[in-house]
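Residue numbers for the sequence shown follow the working numbering, so the first one is 289 and each next one is one higher.
In what follows, a structure is listed as structure tokens, so that the remarks can point back to it.
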Amino acid sequence: MTLQDSDFTFVIGMIRQRSSIDLQPGKEYLVESRLAPVARKFGDKDVAALVHRLRRNDREACDAVVDALTTNETSWFRDVHPFDAFTRLMLPEVKKFGGPTVNVWSAASSSGQEAYSLALLLLDWLPVNPGRTAKIHGTDISPTMVARATAGKYSQLEINRGMPVKYMVKYFDQVGRDWIVKPEVRAMTSFRQGNLAQPPVGLPQMDIVFLRNVLIYFDLPTKRQVLANVRKVLRPGGFLVLGGAESTITLDTNFTRVETEKVVIFRNGGGT
289 MTLQDSDFTF VIGMIRQRSS IDLQPGKEYL VESRLAPVAR KFGDKDVAAL VHRLRRNDRE
349 ACDAVVDALT TNETSWFRDV HPFDAFTRLM LPEVKKFGGP TVNVWSAASS SGQEAYSLAL
409 LLLDWLPVNP GRTAKIHGTD ISPTMVARAT AGKYSQLEIN RGMPVKYMVK YFDQVGRDWI
469 VKPEVRAMTS FRQGNLAQPP VGLPQMDIVF LRNVLIYFDL PTKRQVLANV RKVLRPGGFL
529 VLGGAESTIT LDTNFTRVET EKVVIFRNGG GT
């Protein structure tokens, strides 16, 4: 270990300020292992030298460090059950109370797999619901991830992580060893940089919000702020999908818990 306590304290403070992610003591090894490649990228001899660069407020280095310390674990139709509930439960309800356009927010959209998975399900749904249109709005703290999601280009290894063959053949073009999302899918999606701890800007009223496996990285006040920000754009009666270990209980009583067989989701409006 070359990361001194003072350097670790500085890094976690910078990360908290820029992304609201709460890194606790005990994560020193994780921080150093993630930052070592960043140090090499900038020609610094070690992580301590990189931290010295950060202290000089090198913006490019700060962005790279936020990227490195942001968890971007994702796959197509990850965990399956929330996507089943999206088609089976949420979309029929949205059809009852929503407008002609179904708006879905993929918060913390990473490299785009969640957003595009939802788009593929909507492409199945729209033909049997004439007069409806749909838009997936992806946001992520990382400009690198936003650029990747917008490009819609994935390696064979990435495609193999959960993409059904029927969708791969129908909605992707193979270019060399990569697979590129077809224009009709990309037309349904948009991606932009956004910090969930700050009020959302430029988003329309949402019918459904996917905010999965994100709250676990925030401290208690930030969790409450994030949920309050979600409510600012989530239609009354709209759905919030969290990760399996997450809940709005004790955080925001404006959400009502909705029980299904395989997944717990929440609805905006009343209840505890």
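By construction, the Cβ of each residue, glycine as well, lies at the ideal position given by its N, Cα and C atoms.
Cβ distance (whole Å) where residue i is taken to contact residue j below 8 Å
i	j	result
ASN501	GLY531	4 Å
VAL551	PRO380	Not confirmed; about 16 Å, so no contact.
VAL453	LEU499	That belief does not hold up - the Cβ atoms of VAL453 and LEU499 are roughly 29 Å apart, past 8 Å.
LEU338	CYS350	At roughly 10 Å, the Cβ-Cβ gap does not stay under 8 Å, so LEU338 and CYS350 are not in contact.
ASP428	SER478	Rounded, the Cβ-Cβ distance is 12 Å, inconsistent with contact.
ALA403	ILE553	Not quite, the Cβ-Cβ distance comes to about 18 Å (not below 8 Å), so this is no contact.
GLY440	VAL463	GLY440 to VAL463, Cβ: 11 Å. No contact.
Cut-off 6 Å between Cβ atoms - residues of its own chain near residue i, not counting five sequence neighbours on either side
i	result
ILE309	ILE303 and TYR505
ILE300	LEU311
ASP540	LEU515
LYS511	LEU503 and LEU539
GLU547	none
GLU534	LEU503
TRP393	HIS425, MET494 and VAL497
THR560	With a pLDDT of 32 at THR560, under the threshold of 50, the modelled position of this residue cannot be trusted, and the question is left open.
ALA352	VAL326
Paired residues, beta bridge with residue i - DSSP
i	result
HIS425	TRP393 and SER478
TYR442	TRP467
GLU547	VAL552
PHE298	DSSP, once it has assigned bridges, lists no residue as partnering PHE298.
ASP461	ILE468
LEU528	VAL497 and PHE554
LEU522	MET494
Close Cβ partners of residue i (< 8 Å) along its chain, the five nearest in sequence each way excluded
i	result
LEU408	TYR455, TYR459 and VAL473
GLY558	Caution applies to GLY558, whose pLDDT of 46 falls short of 50 and renders its modelled position unreliable; the value that the coordinates give is listed next. If we look at GLY558 and ignore the five residues flanking it on each side, its Cβ neighbours are ASN542 and THR544.
ARG523	PHE385, GLY386, GLN493, MET494, ASP495 and ASN556
GLY490	ARG480
MET476	ALA407, LEU410, LEU411, ALA422, LYS423 and ILE424
ASN613	Since the first residue shown for the chain is 289 and the last is 560, residue 613 is missing from the structure and cannot be characterised.
THR375	LEU409, ASP412 and TRP413
PRO388	GLY419, ARG420 and THR421
ASP466	LYS441, TYR442, SER443 and GLN444
Residues near residue i in its chain [Cβ-Cβ closer than 7 Å; skip 5 each side]
i	result
SER399	ASN360, THR362, MET433, ARG436 and ALA437
SER405	TRP364, PHE365 and PHE371
ASP332	LEU338 and ARG341
ASP507	ASP310
PHE330	LEU338, ARG341 and ALA349
LYS383	ASN417
PRO431	ASP351 and GLN481
GLY450	SER363, TRP364, PHE365 and ARG366
Below-8 Å beta-carbon distance, residue i vs any chain B residue
i	result
SER399	Looking at the structure shown, chain B is missing, and only one protein chain is on hand.
Exercise. Taking one C-beta from the segment 317-332 and one from the segment 351-365 each time, how about it: are there three or more such pairs within less than 8 Å?
Worked result: Under the three-pair Cβ rule at 8 Å, the segment 317-332 counts as touching the segment 351-365.
Exercise. Three or more beta-carbon pairs under 8 Å between the segment 433-446 and the segment 412-424, yes or no?
Worked result: no
For this session: Counting only runs of 3+ residues fully inside the segment 473-519, write out the beta strand (DSSP E) ranges in chain order.
Result: Those beta strand (DSSP E) runs which fall completely within the segment 473-519 and span 3+ residues are 477-481 and 494-499.
Problem set entry | Three-pair Cβ contact test at 8 Å for the segment 321-336 versus the segment 362-377 | Fewer than three beta-carbon pairs drawn from the segment 321-336 and the segment 362-377 are found closer than 8 Å, and the two stretches are therefore not classed as touching.
Problem set entry | Complete runs of the beta strand (DSSP E) confined to the segment 323-386 [at least 3 residues] | none
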